[in-house]
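> Numbering (the working numbering), first residue to last: 4 to 293. In this text, a Cβ means the ideal position worked out from N, Cα and C, and glycines have one as well.
Following this line, the structure appears as structure tokens:
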């Protein structure tokens, strides 16, 4: 691997970790022990001076904060703008690098995850209103020194390649980059390697996540009724390099576009011992970077 992608920092979205606010130091020590240099922080953590100080002591960066816009077919729901303002304020106070914007999950889309065409869709007004709010959120964040990227996400109104393409056609590419979550892209029917070729330098943030082929097949067939069941009960997402993701091919394409941003290891849930799955991901990410 060339020196460009090798300069990327490897961070962690610790969804499969059990955060306990009474064990802040231990939580961060364990993350640092695996070699992660940044994390996705929550609103609670962003507001905790103690937590931020402990991060600094361990040279762990606030790589990202996540913000989900609540939507129905007509676009963002009332109150979502105020929620974005609150999240950006938290992120600015914590010195977050990247605001990751997505559409929040919904029960209707949860039931058709991986089969987005069979469920409810954003209408034209919905796409327009969503694009406007994403851009306004990114604009406010930029004024506070925070970059923004949009995350296509399974079980939401922006999941499939078609939905993603339509939304990004409405967004200012200088204002809003793409957070390519390769696991969600696979669930949505896409090829992450092809996505890097298609979107190129518009990709400004990456979630490295892998997918169990057997569980995905059960989800797509309807044997598993919802995405939530597939994730929580059957562990749809697996350590990087152990599922459908062609991780070496992905990294070669990222290197070809001179990507040097964060590579955020993420696994929504895992079999116990849950934290050890992140160690497997880290080892396989490092191996693929060689």
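So, with DSSP's three-state summary, where would you put residue 204?
helix
> Under the rule that 16 or more other beta-carbon atoms within 10 Å means buried, what is residue 90, buried or exposed?
Burial call: buried.
> Which of helix, strand or coil does DSSP assign to residue 270?
Correct three-state label for residue 270: coil.
> Drop a sphere of 10 angstroms on the beta-carbon of residue 142, count the other beta-carbons inside from all chains shown, and report buried for 16 or more, exposed for fewer.
With fewer than 16 Cβ atoms within 10 Å of its Cβ, residue 142 is classed as exposed.
> Please state whether DSSP places residue 187 in a helix, a strand or coil.
helix
> Could you tell me the boundaries of the beta strand (DSSP E) in which residue 15 lies?
13-16
> Thinking C-beta only, is residue 205 closer than 7 Å to residue 162?
no
> Which same chain residues end up closer than 7 Å to residue 22 when comparing Cβ atoms and leaving out the 5 residues on each side of it in sequence?
30
> Residues in the same chain with beta-carbon distance under 6 Å from residue 187, minus the five sequence neighbours each way, listed in chain order, please.
If we look at residue 187 and ignore the five residues flanking it on each side, its Cβ neighbours are 156 and 157.
> Pull the bridge partners of residue 153 from the DSSP assignment, please.
104 and 181
> Note the first and the last residue of the continuous alpha helix (DSSP H) segment covering residue 46.
46-49
> Give me the Cβ distance between residue 117 and residue 192, rounded to the nearest whole Å; I'm assuming they're in contact under 8 Å.
7 Å
> Out of 285, 115, 48 and 16, which one is the CA nearest neighbour of residue 95?
48
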